[in-house]
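Following: one structure in structure tokens, then a few remarks.
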Amino acid sequence: MVRVRADVPRGHARTPAYIRGKTGWVERLHGIFRNPESLAYGSDGLPKQPLYLVGFRQTDLWERYGGPARDTVYVDVYEHWLDPA
3 MVRVRADVPR
13 GHARTPAYIR
23 GKTGWVERLH
33 GIFRNPESLA
43 YGSDGLPKQP
53 LYLVGFRQTD
63 LWERYGGPAR
73 DTVYVDVYEH
83 WLDPA
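Counting from 1, position 74 in the sequence shown corresponds to residue 76 in our numbering; the numbering is continuous, with no gaps.
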């Protein structure tokens, strides 16, 4: 289980606002890649960051979600946005 940081950084962020501060689970590791948040500003993107596929129950993301409790959203999230939950 992981919690997405609730930060609201200035500039380019690759983490959607609707998952910030929310708890989910790591489904799998995609690999290790250069950081696109720093690449967006002409940096070298180093150090590289692990990129995970993180699952979230939609009922945990949207207060008024009316679908089945098992409905899930998967989002690619870089490790520097995640904390253990």
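Where is the CB? At the ideal position from N, CA and C, for every residue including glycine. Since the structure is predicted, the reported quantities are computational estimates derived from the model, not experimental observations.
Own chain residues within Cβ distance below 6 Å of residue i, not counting five before or after
i    : result
Tyr2 : What the structure shows of the chain is the stretch from 3 to 87, and residue 2 is not part of that stretch, so it cannot be assessed.
Bridge partner(s) assigned by DSSP for residue i
i     : result
Trp27 : Gly57
Gly69 : In the DSSP output, where bridge partners are listed per residue, Gly69 has none listed.
Gly33 : Leu53
Pro86 : Val4
Thr17 : DSSP, once it has assigned bridges, lists no residue as partnering Thr17.
CA nearest to the CA of residue i, picked from the options
i     : options                       : result
Pro52 : His82, Gln60 and Thr61        : His82
Pro11 : Trp64, Asp62, Phe58 and Ser40 : Ser40
Neighbourhood of residue i by C-beta, 8 Å cutoff - its chain only, sequence neighbours within 5 removed
i     : result
Gly60 : According to the sequence as given, residue 60 is Gln; it is not Gly. Correct list, in chain order: Tyr67, Gly69, Asp73, Thr74 and Val75.
Residue i beta carbon near the ligand SAM (any heavy atom closer than 8 Å)
i     : result
Pro38 : The model depicted lacks the ligand SAM and carries no ligand whatsoever.
Helix, strand or coil at residue i [DSSP, three-state]
i     : result
Pro38 : helix
Asp62 : helix
Cβ shell of residue i (< 7 Å), same chain only, five flanking positions each side left out
i     : result
Pro18 : Val77
Tyr20 : Leu63
Asp85 : Val4, Arg5 and Arg7
*asked:* Is it the case that the region 67–74 contacts the region 38–50, given that we only count it when at least three CB pairs across the two stretches are under 8 Å?
replied: These segments do not touch.
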